[in-house]
Structures are given as structure tokens and as C-alpha cells.
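*Asks:* Submitted below is the structure of interest, expressed as C-alpha cells.
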Amino acid sequence: MKKSLIILGNILIILAVLAAVFLDVSSEQQWRMETKREDFENMTAAMESVTANYLLGEQQVCNAWARYINASDLTAEEAISFLGKSVNRPQVMAHILYEENGELVGLSTEAHKKDPGDYTVSYKNIDILEEEYGMLMSEDSVVKVTRAYTNPVNAIQSIAFCCNVKIRDEETGENKDAVILRIIPISAFEQRWAFPTEDYQDAVISLIDADGDYIIRGKSFKNSNFYEFYQSYNTFTAASVNELRAVVGGEPGSVEMINSQDQECLIGHTRVNYTDNWIIVTMIPMRELKEHESNWTLIGIIVAGLLLLLIFNLHSVMNLNRQLKAAAVAADQANRAKTDFLSTMSHDIRTPMNAIIGLTTIAGKNTEDQVTVKESLRKINLASNHLLTLINDILDISKVESGKLNLSPVTFSIVECAENLVNISQPMVKEKNIDFNFRVSHFKHEYLYADQLRINQIFINILSNAVKYTEPGGTVDVDIREEKGETDKTVKITYVVADTGIGMTPEYMQHMYDPFTRQTDSRVNTIQGTGLGLSITKKMIDLMNGTIDCESEVGKGTTFTVKLEIAVADKTEEEMKLPPVNVLIADDDDVLRQTAADTLRSIGVEADTAAGGMEAVQKVQDGAQYQVVLLDLKMPDMDGIETARKIREKMGDKVPIVLISAYDWSDMEEAAKEAGVNGFISKPLFRSTLYNKLSEVLGNERENNGTEDENADIAGMHILVTEDNDINWEIISMLLQMQGVETERAVNGLEAVERMKNARKGEFDLIFMDIQMPVMNGIEATKQIRALEDPWARQIPIIAMTADAFSENVAECFEAGMNGHIAKPIDMKIVLKEIRRIKEENRA
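In the numbering used here, the protein residues as written are 2 to 845.
Next comes the structure, spelled out in C-alpha cells:
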């Protein structure tokens, strides 16, 4: 009896445990199903985010096209030519449509497949626009995009982003309405949609409008309308269909239905932002959500095993969920940081682009003024170099994070570095109406030896932050000075930037050098920036063994101080001496005034100073005689232009008057010339800057003394340039010809190999080799040249000249047998340096 009771008790316990297990399993299955349903809904929402961002990005490109066309007064042919140059992806094309004889016709950026010479296009039988011509979709829609249709040019199913434009009629000269279409193949658009195949193998996606009509239809969706699809395979009433419309068009979620294969399916739905009530609908068979459920019935074989396995599984699942959740949070944070970085880095790129575009406009409107054009082109070159540096840093961010950022020291002019800083900053300063002061002091060495691009970036990053976080009407002061170095061959450059901006909290300053971090403030929450500037700056300063210090107070401003120990370049500086003329310099800044006076005296000039405009005028009225007058633009008692006017009234037209400012000369040129100003000097005032301007206004410009061309040592060299791109070939050939170097072209690697097979010994001094080329790339061409029988041809120096600029690309070039690497866009200084290096090696 006792044994029987024990057995019965055990059986009852086992049965109770099994019952509990099966109840738990049932509950677990239901929970898992709800979780997977929620995950599928979240994945649908993620598809919406991808779709909305993609649609918005493409529409913004189309809008940019439209703004340019509307601003440029173009004919249809001119507009399609512009669009052809602007299309930057192989799968994308553009159409411009207008009404002609009651039909919608126009031009395409690509020719018809059957007729390569035919660029015309007709939308006579394609109803993708609103009935009222000129009204594209809803005016409330941010994204104006058509449903899917067959592109009349290439017969590919596509969608088109639209914008209204005005074009000039060639016959009447009057403006007429037109529509531009940015056309994207459906296949390219659908590539943006990707469910994880391991979880959702049979999931499909469609895009419908508010009425249920398919804009893009997935392969498992039937009929021409989603709601008709539902009615075809599900029991319904008019009320249930209307209820379905309200649910699908409402908040994101999911519904169940039967598909055309009589399968129970889950339909996810969410509205697409920026569109006219478009909806993404996703479909997956319910069996796919259920088939991966664990088979808990196997656990019932042994009660103890069931309990242990259950405990173990629960523990494992919970632990895995915690790990997955932590990984998801980390991945989400990383993705958000990268997304923020990519979407907000436009400010740092737009800074030099703003200078380039503005200076291009200035040059274009002053084509007859060679001085203005030359100066604009010089500044464009400086801004372009800085833009290239930014792009390189964005591409090399992984190197920055891993500590693999390298320095490339060159001989450079600190004068050019400071001028670049001013030129890049002027548009930002002007836009925010900031009081901008720039001083240099105690500079005895113009030419230094260090990584110029990195120093430029350090200076610009700190200054652009100061301008960015200073409110309109505030002040930004820049001070660059030379101090005694640790050795006779080095100097210490101290760079100080002080602003009256929002300042930083002590908490933020503790991690301000971390990547993707920025000080925020309710006044400047809209400020754009990558959040990388200070991080990269700190790492570069550390790499140069320099220091960076910061003092900041919220609401009062920030001061950054950078100190760098830099080698003096082994370059003899040109002697600068002027006749002992009398020069008056007027500036309310005591430091700048005294520094400028000391600099003038160092080049042989007698310098007299005035602490303001009124004092300068008084000195002239008292009879002081000057051969040149230098006036600061912004002085509190009397500005430079008014001071010039009063001095001109007293001294007549013979004495040159020059204005000094850190602001753009074009903003004040007209008023200054009307007041009698003869010229302009941009701050900061270096020795060479003052010498060159005084030489100019005194008529002592240095004449060409017939010295030997600095590139005479490479004149007559013969270089084979392997380049498939016509524009790139034209640029490098013209630049080399300007240096006296003869060039010959091979349009691909195979042609270069054949040319070297048949070349006479010594016919070429070296080869510039592009990498990405049709027929045969540069790597393979180099390998074949290195395998030629002729010893001279086999050993000819080969320099890669390519846009493949990553370290692994450089390593691949050297492994193939190349002798050097030059990254595009090319810097002629680097090109000439490489040519001379090869020539010296050949001579040795």
C-alpha cells in the first residue's frame, strides 16, 4: 500500500507537472506568436522609414533640378542637357514634358533603344499625372511621385518624381509650363525593401494609395486593387470592407486574411510619411510565423528531464533575449549615430562649397577684371583643397578611430594657411553678422614643414565651431602667433580662438572630444554638424605632439588654445625690403596696430600709428606727410571708409589709401572706391602680405628678372598617361604641358601594354596609370608590363594616378609592381614631386 501510494503520488505529481508544462507551453506559444506578430509589424514600420527617406531624398534631388531650371531661363533642349549632366546613377533618367497640340510630349536624357538618335518622348497614352495639367499629385504632398508605369524610352517598369518648371519657348521667347520627371526603375526602388530571409522567407511588400490601388505590387498580391484582392478570397460585407479600409489607413498594425492560395496570412500596414496617404502593406503566411515554434511535447518523456529542460530553456531564452535586446540597443545607437553623422555632415562640406560657389559667381560676373578673377580662382583652389580634406577625413574615419591616421609633412606657407582660414570663414561670418577679428604676431618664419592639410583642418574645425555656436551679432577673435621653439630648427605656433557663443557645460567638456557629440542649446538646436570635428582635431593634435586647452562658461563663450611645435622649412625666404617711405597705419586694436608697425619697420618702412579714424585724420590735418595710408575698416570712432574720404579731401589723389579687413572685399568695394580707397589687404597682416601690397601701390612690383624656370629640370620628359576618361586626360596633359613635359595617351591598360611592347628604348620616362579602366585595368596592365621581355620596358617607372585612395588600394598598386601612388583629384605639387623623385632615382 505504501509503495502504491508512493507510485500513485509520483504519477499524480508527474501528471500535474505535465499538465502545468502543457499549459505553460500553450501560453508560451501564444506569447511567441504575439511577439512575432509585433516583430513583423515593427519590420513593416522599418520598411516605411526606409521608403519615406528614399522618396524624400529622390524628391529633393528633383526639387533641386527644378530650382536650377526655374532660375536659369532655359529652353527644353537646354534643360534636358542640364538634366543629362546631373543624372549621376546608371539606372536613373530624366524627362521634361510640356503640352504640345493637346498632348504631353518632351525630351529624355536617354535615347530610345530602337533608335539611338531619338531623344523625344511622348506620354500620350500614359496617364500618370493629374487630369489638370500642371497639378502634380496633391499640393500638400511633400513627395510628388507617380504610380508605377512603363517607361516609354526603355520599356522598364518605373516610378517618376515630379516637379513643375518654367521653360522658354524657342519660337515665342515666352515661358511655358513644363514638368520634369526623375525616373527610377521599380527594381532599383524594390532593392530598398529587404526582409531578413532567415525569418521571413515568404514575406512580400506592396505599396498602395488611399483607395487601395497598387503603386507597386508584390508578387503574391493579386487583382489591381488591394481591397478587391481581399474581397476575392475572404468572406466580407460592405461594412467589413469599409472597416478594413479604416484600419489599414489608420494607425500602423496588422490584420489577418486568406490569400489566393487559400493560406491564412498576416497583413502588416503603415502609412508612408511625406506622401499623399500612401500605405505600405506587407504579407506573410501565418505558418511561417508558427513553424519555428519549439515542440515542447518532447519534454513530457521524463518529468525530471522536462523540468530541467524547461528551466534551462527558460533561462537560456531569457538570457538570449537580454543579449539580443542589448545588441539591438547597441546596434540602434550605432546606426542612429551613423545616420545622424551622414545626414548632418552637410554643414562641414557646405562651408567650402559655399565659398566655391560664391567665388565662382564673383569670377563669372567680373570676367574682364583679371585681378578679381585671379584672386577668386586662388580662393576657390584653397576652398577646394579644404573640401578634399573633409572628404578624405570622412572616408578615413575608421582610421581615426583605430589610431591609424598618418601625417604627411610638406613645406608650406603659414601665410597661405591663414588666408585659407579667412576665406573659408568669411561666408559664415557674413551670414551671421559676427564681429570677426583676426590677428597674427611675431612671425619671423613664413615657411614651415608639417602636414599642412591637417593643420588647416585643425584651425578650420575650431574656428567653424566658434562661428557655428556664436549667435548673430556676437564676436569671434582669432590670434595666431609664433613663439620660440624647443630647438633652433622649430617654432611653436599658438592658435587661439575666442568667441562669445553659448559656451559649454562642465559635464559636456568632460567628453567633448568623443566622436558624434555636440553641445546642445535651445537657441542652436538646428545647428548642423558631424560631431566629429573636435574628436578628429584632438587626435590630430595628439599625433603632432601638440596640446589643446579649452576654457568655457555657459552663456559667455569659449576659448580654445592650440599649441604645435613645428619644424622650420629648409627654404630660403625671399628678402623683402622697400624704400624708406612714410606709412600711416590706423587701427583701434592695440596689438594688431603695434604688430603691423613692427612688421612695416622690418621691411624698411617708416611707420606711424593712429588709434582710430579721427586720430588719423588729425595727423594728416596737422601736416604729416605719408606716402601710403593703411586704414582698418571697423574702428569705433570713425570707420575706415569715412576716414579715407576725409583724408582724401586733405591729401588729394596722389597718396595711396589701402583698407584692411577680415571681411570680404566685394561687400565694401563700391563704397570704398567711391571714398577714394586704392586697394585692400585681407587680415591677417603677414610680412609678405604687407610687402606685396605696398610694392603694388608704390609701383615697385617685382619684375621678371629672367630667372630660370623652376620646372626646367623636368622639361622635355616624355610620359605615357593611361587614362580612359577624356576630361581627366585633358587636365593632366595640359597641366604637364604647362611644365614642358610631353605626354602621350593610352585609353586603357591593354593599349598601354601594347604601346610598351613596341616602344623604343628610352621613348618614355615613366607611366601614369589609372586603375579602374575598361578592357584591362591598371593593376593587370602593370603586371603584364613587368613581365615583358625587354629589360627597359619591364623596369619603366609606373605611378598609379587613381581615385582609389584607401590604404589597401595603395598596397595593391605596390604589390602589382608600381613605383608610386597619386590620389585623384590630383595636386600638381604632388605630381611634380613624384616626377622629380622618379627622375632622381633614374639618375642614381
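Ideal Cβ placement from N, Cα and C applies to all residues, glycine included. All values reported here derive from a predicted model rather than from experimental measurement.
Could you say if the segment 546-555 and the segment 599-608 meet the contact criterion of at least three C-beta pairs nearer than 8 Å?
*Replies:* Result no; under three Cβ-Cβ pairs closer than 8 Å.
*Asks:* Please check the pair Val441 and Arg482, which I expect to be a contact at CB under 8 Å, by giving their CB distance rounded to whole angstroms.
*Replies:* With 8 Å as the limit, Val441 and Arg482 qualify as a contact, their Cβ atoms being about 7 Å apart.
*Asks:* Report back the beta-carbon spacing between Leu56 and Tyr275 to the nearest angstrom; my notes put them in contact at under 8 Å.
*Replies:* Confirmed, about 6 Å.
*Asks:* Any idea what DSSP makes of Gln371, helix, strand or coil?
*Replies:* In the structure shown, Gln371 sits in a helix (DSSP, three-state: H, G or I).
*Asks:* So for Ser241, helix, strand or coil by DSSP?
*Replies:* Ser241 falls in the helix class under three-state DSSP.
*Asks:* On the three-state DSSP scale, how would you describe Lys445?
*Replies:* Lys445 falls in the coil class under three-state DSSP.
*Asks:* Once the 5 residues before and after Ala846 are set aside, which same chain residues still bring their CB inside 7 Å of it?
*Replies:* Nothing in the structure corresponds to residue 846, since the chain is present only between 2 and 845.
*Asks:* With a Cβ-Cβ cutoff of 8 Å, do Tyr99 and Lys177 count as a contact?
*Replies:* In contact: Tyr99 and Lys177 (Cβ atoms closer than 8 Å).
*Asks:* Which one of Thr110, Gln232, Thr362, Ala824 has the shortest CA to CA distance from Ile800?
*Replies:* The candidate whose alpha carbon is nearest that of Ile800 is Ala824.
*Asks:* Tell me whether the beta-carbon of Lys758 lies closer than 8 Å to the beta-carbon of Leu789.
*Replies:* Cβ atoms of Lys758 and Leu789: closer than 8 Å.
*Asks:* Considering just the uninterrupted stretch of the alpha helix (DSSP H) at Ile604, what are its terminal residues?
*Replies:* Careful: Ile604 lies outside any alpha helix (DSSP H) and carries neither H nor E.
*Asks:* Would you say Asn679 reaches chain C, if we count a Cβ-Cβ gap shorter than 8 Å as a contact?
*Replies:* Although the question refers to chain C, the structure presented lacks it and comprises just one protein chain.
*Asks:* Candidates Ile839, Lys784, Ser225: which alpha carbon is nearest Glu813's?
*Replies:* Answer by Cα proximity: Lys784.
*Asks:* How should Pro775 be labelled, buried or exposed, when 16 other C-beta atoms within 10 angstroms of its C-beta is the threshold for buried?
*Replies:* With fewer than 16 other Cβ atoms within 10 Å, it is exposed.
*Asks:* Only counting the same chain, and skipping five residues up and downstream in sequence, which positions put a Cβ closer than 8 Å to that of Ile381?
*Replies:* Cβ within range, chain order: Ala356, Ile357, Leu360, Thr361, Ala364.
*Asks:* Can Ile97 and Ala77 be called in contact, C-beta distance under 8 Å?
*Replies:* Yes.
*Asks:* With H, G and I counted as helix, E and B as strand and the rest as coil, what does DSSP make of Phe162?
*Replies:* Strand, per DSSP.
*Asks:* Exposed or buried, which one is Gln60 when buried takes at least 16 other CB atoms within 10 Å?
*Replies:* With 16 or more other Cβ atoms within 10 Å, it is buried.
*Asks:* Under the assumption that Ile786 contacts Val754 (Cβ atoms under 8 Å), give the Cβ distance between them as a whole number of angstroms.
*Replies:* Confirmed, Cβ separation roughly 6 Å.
*Asks:* Which of the three DSSP states is assigned to Ile728 in this structure?
*Replies:* Here Ile728 sits in helix by DSSP.
*Asks:* DSSP three-state call for Asp591: helix, strand or coil?
*Replies:* Three-state result, Asp591: helix.
*Asks:* Since Gly680 is in the beta strand (DSSP E), which residue starts that stretch and which ends it?
*Replies:* Taken as a continuous stretch (DSSP letters only), the beta strand (DSSP E) holding Gly680 covers 680-683.
*Asks:* May I have the straight-line CA-CA distance separating Leu634 from Asp640, to the nearest angstrom?
*Replies:* For Leu634 and Asp640, the distance between alpha carbons rounds to 6 Å.
*Asks:* Assuming Ile682 and Thr723 make a contact with CB atoms under 8 Å, what is their CB distance in whole Å?
*Replies:* Contact flag wrong, Cβ pair sits at about 46 Å.
*Asks:* Tell me where the alpha helix (DSSP H) around Ala673 begins and ends.
*Replies:* Per DSSP, Ala673 belongs to the alpha helix (DSSP H) from 670-675.
*Asks:* Phe237 and Phe230: beta carbons closer than 8 Å?
*Replies:* No; because the gap between Cβ atoms is not below 8 Å, this pair is not in contact.
*Asks:* In this structure, how does DSSP classify Ser426 when only helix, strand and coil are distinguished?
*Replies:* In this structure, Ser426 counts as helix in the three-state DSSP scheme.
*Asks:* Assess, as a yes-or-no matter, whether the segment 453-463 is touched by the segment 657-675 under the definition of 3 or more beta carbon pairs within less than 8 Å.
*Replies:* Judged by Cβ distances under 8 Å, the segment 657-675 makes no contact with the segment 453-463, as fewer than three pairs qualify.
*Asks:* Could you compute how far the alpha carbon of Ile129 sits from the alpha carbon of Phe83?
*Replies:* Roughly 24 Å separates the two Cα atoms.
*Asks:* Might you give, ordered along the chain, the residues of its own chain that have their beta carbon closer than 7 Å to the beta carbon of His446, omitting 5 neighbours on each side?
*Replies:* Same-chain partners within the cutoff: Glu483, Val492, Val569.
*Asks:* What is the DSSP secondary structure of Leu660, reduced to helix, strand or coil?
*Replies:* Residue state, collapsed to three classes: strand.
*Asks:* Whose C-alpha, out of His512, Asp591, Leu408, Met577, is nearest the C-alpha of Asp543?
*Replies:* Per the Cα distances, Leu408.
*Asks:* Short check: CB of Tyr470 to CB of Ile503, under 8 Å?
*Replies:* Their beta carbons are under 8 Å apart, which means Tyr470 touches Ile503 by this criterion.
*Asks:* Over what stretch of residues does the beta strand (DSSP E) that includes Arg482 continue unbroken?
*Replies:* Taken as a continuous stretch (DSSP letters only), the beta strand (DSSP E) holding Arg482 covers 476-485.
*Asks:* According to the neighbour-count rule (16 or more other Cβ atoms, all chains shown, within 10 Å of its Cβ), is Arg68 buried or exposed?
*Replies:* Under this definition Arg68 is an exposed residue.
*Asks:* When you compare only the Cα positions, how much space is there between Asn729 and Leu449?
*Replies:* Going from the Cα of Asn729 to the Cα of Leu449 covers about 32 Å.
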